[in-house]
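The structure appears right after this line, and notes come after that.
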Amino acid sequence: MALPFDNTSFHAAIARITLQMEKRLDNLETARQTLPPQPFPPTKKVAECAPTDPGLVELLLSPGIPQEGKGLDKAVDLLLQYIVPAIADSAGPRYFGLVTGGATPASLLADWIVSVVDQNAILHSPRAMSGYSVIMDLSMRMVLDLFELPTTLHLAESAQHRALQASDGIDFRALTTTGSTASNVMGMAVGRQWLGIHDRKVDYSQEGYDGQVVVVTNMAHATVWKAASILGIGRKQVIEVSEMGMDVGGNETIFENVVKEQKRAGKSVLVFLSFGEVNTGIFPMNTYRIANVCENNNAYLHIDGAFGIYARCSPDYSHLARGLEKAHSITACGHKWLNVPYDCGFFIYRSHLEKSILEPIFSSSAAYLPSSESGPTHPMNISIENSQRFRSLPVWATLYAYGRNGYQKIIEENCRYAKKLYDWMKYERSDLYTVLTEQCPLNIVVFAQKLTPELEAMPEGEAQTQALSKRNAELLKRINETGVAYFSPTVWKGRPAIRAAISNWRTTVEADWEPVRAMLEQQASIVA
Ligand SMILES: *Cc1c(COP(=O)(O)O)cnc(C)c1O
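When we follow the numbering used here, the leftmost residue of the sequence shown carries the number 58, and every step to the right adds one.
Written out as structure tokens, the structure is:
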């Protein structure tokens, strides 16, 4: 063995780490803390703690790789004593920043297994009934079921069988990605290739790209521009139909006009629809109408449902996400609302696109890699990475452990919390806070501190925006420094704001509302 391996010290290290991780998970009071239990002291103080804390000094003052390794015990010491305590728990029930989710116990334990077995999920081998290969299919079937998307996917089917099943009717497949950013990049790559073949009669994967595709979108997530940039489509080719989103009836008409105008100008149109705008949770009004516009104009339809797609897990919210099945392809997130560990996203696509569109773009053939002629397509040939983490195991574990009802409960409880926060600000403490949307459709609340009469009297413009920005940043800082809950900043319709996204499996109105309410009341009442 090239490296020292001592069974006894390995077991001791496992025991120590397990104990500390258990504490962190078991103790809800700890999990609720949104600030690190023990921040690193500023580096300038290191000299002062030198006599009492040699471990910390060593950690901070020895940059670069040690010539001789310090050993497992020493590494675990530093991890447990200094590093882990300085990492905040964004997996806790009161972390409302971004849309972060958390990790359910079943997914967490499965993820540990994934690291131990370290299986490369690059290939698919159902013939050998390899456990990981079966789980990849089973879990993707579960994901499609969870989102109520039609599929004919079942175990151990041959490529030929798939082709037969997929001849007509709606039939979806899914694969894992590193997250919704990657899924959006895939959606845009697949959409562009599809438009090349079906609208322009050119195979971009072979010939290269001619710059003739525009992306028409609404309320898009920042990663849509990022994807356009990565793929060489260009950020300036992303046309956002309405800054305000399509929450107002009639915007579908504007949308249709933009698509038609681009077609008249000789462009091919890739429609990138947001299901769940990231600041507000707002959905398009009428996806069926937009899907018709796409069909009539030979446009490709991708839906970014990173977190919004989870509306389909509850009969109370599924109406928001109607029409999803009209898409050619779909983005969904795993590490957000499914509450599995990072990194995990899903790319969902019509099965007939697999051979005709995905493979030409993503296939990666090399002499030492088996081809997929005779069986299901290898993940490496239809996704970005060759080597891949076995991401589908935590997905399988959590869906198996908690089922459809478990996820319905998480989604509904998170939305109930968001509604509670929204109603409180809108109806009870509108003297302190202003909610910036007409409604709270799902799990997100966007709000600001109520304007002072002076701010209200200021003319709109640079000076007012700066004053609002400063005030917002100060309030947010005060709120987050309490450690009671964590929120993140945003700008909504030009106004600096604060955003709460409730997406953790442990958040409940019972345990997490009252302390957060009291804290919000107190922080907004402070006259700065
Ligand atoms: C979070 C999010 C993304 C980006 O997802 P990552 O998983 O962070 O890569 C894309 N679109 C929407 C709507 C999102 O909410």
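Virtual Cβ for every residue (Gly too), placed ideally from N, Cα, C.
Coarse secondary structure for residue i, derived from DSSP in three states
i: Phe229; result: strand
i: Val305; result: Only weak support exists for where Val305 lies, its pLDDT of 45 falling under 50; the value from the coordinates is given anyway. Coil.
i: Thr75; result: helix
i: Tyr266; result: coil
i: Thr491; result: strand
i: Gln506; result: strand
i: Val259; result: coil
i: Glu297; result: strand
i: Met459; result: Going by the sequence as given, residue 459 is Tyr instead of Met. Residue state, collapsed to three classes: helix.
i: Arg535; result: helix
i: Ile569; result: A quick correction: the sequence has Asp, not Ile, at residue 569. Correct three-state label for Asp569: helix.
i: Leu206; result: coil
i: Ser41; result: Residue 41 lies beyond the stretch modelled for the chain, which goes from 58 to 585, so this question has no answer here.
i: Ile360; result: strand
i: Thr388; result: strand
Classification of residue i by the beta-carbon crowding that lies within 10 angstroms, buried from 16 upward
i: Tyr357; result: buried
i: Ala220; result: Unreliable positioning characterises Ala220 in this predicted model, as indicated by a pLDDT of 45, which lies under 50. The coordinate reading is nonetheless provided below. Exposed, because fewer than 16 other Cβ atoms sit within 10 Å of the Cβ of Ala220.
i: Val397; result: buried
i: Asp569; result: buried
i: Arg151; result: buried
i: Asn64; result: exposed
i: Gly302; result: Below a pLDDT of 50, predicted positions are generally treated as unreliable, and Gly302, at 47, falls in that range; the measurement from the model is reported next regardless. Burial call: buried.
i: Ser440; result: buried
i: Arg407; result: buried
i: Asp267; result: exposed
i: Ser240; result: buried
i: Tyr457; result: exposed
i: Gly248; result: buried
i: Thr310; result: exposed
i: Asn500; result: buried
i: Glu511; result: exposed
Residue i versus the options, residue with shortest Cα-Cα distance
i: Ser560; options: Ala554, Glu571, Lys466, Pro553; result: Lys466
i: Pro61; options: Ile366, Asp130, Lys80, Leu113; result: Asp130
i: Gly154; options: Glu567, Ala554, Thr455, Gln579; result: Ala554
i: Tyr261; options: Leu415, Ile366, Ala239; result: Leu415
i: Phe312; options: Ser286, Glu382, Thr337, Asn354; result: Asn354
i: Phe447; options: Ser147, Gly188, Arg257, Gly159; result: Gly188
i: Asn308; options: Ile347, Gln319, Arg292; result: Ile347
i: Glu571; options: Ala542, Gln250, Tyr459, Ala246; result: Ala542
i: Ile254; options: Pro417, Ala530, Trp169, Thr75; result: Pro417
i: Val281; options: Ile360, Ser420, Glu264; result: Ile360
i: Ile148; options: Gln124, Leu92, Val171, Thr75; result: According to the sequence provided, residue 148 is Ala. The question's Ile does not apply to it. It is Leu92 whose Cα lies nearest to the Cα of Ala148.
Residues sharing a beta bridge with residue i, DSSP
i: Tyr399; result: According to DSSP, Tyr399 bridges with nothing at all.
i: Trp549; result: Arg552
i: Asn275; result: Leu330
i: Thr65; result: None, per the DSSP bridge assignment.
i: Tyr152; result: Tyr543
i: Arg407; result: Phe229
Distance cut-off 8 Å: residue i Cβ against heavy atoms of ligand 1
i: Thr238; result: yes
i: His278; result: yes
i: Ser582; result: no
i: Phe364; result: yes
i: Cys390; result: yes
i: Leu155; result: yes
i: Val271; result: no
i: Asp267; result: no
i: Asp295; result: Here residue 295 is Val; the residue named in the question, Asp, does not match the sequence. Because no heavy atom of ligand 1 lies under 8 Å away, the Cβ of Val295 does not count as near it: no.
i: Gly333; result: yes
i: Asn396; result: no
9 Å Cβ cutoff, residue i in contact with chain B
i: Met243; result: Of the protein chains in the structure, only one exists, and it is not chain B.
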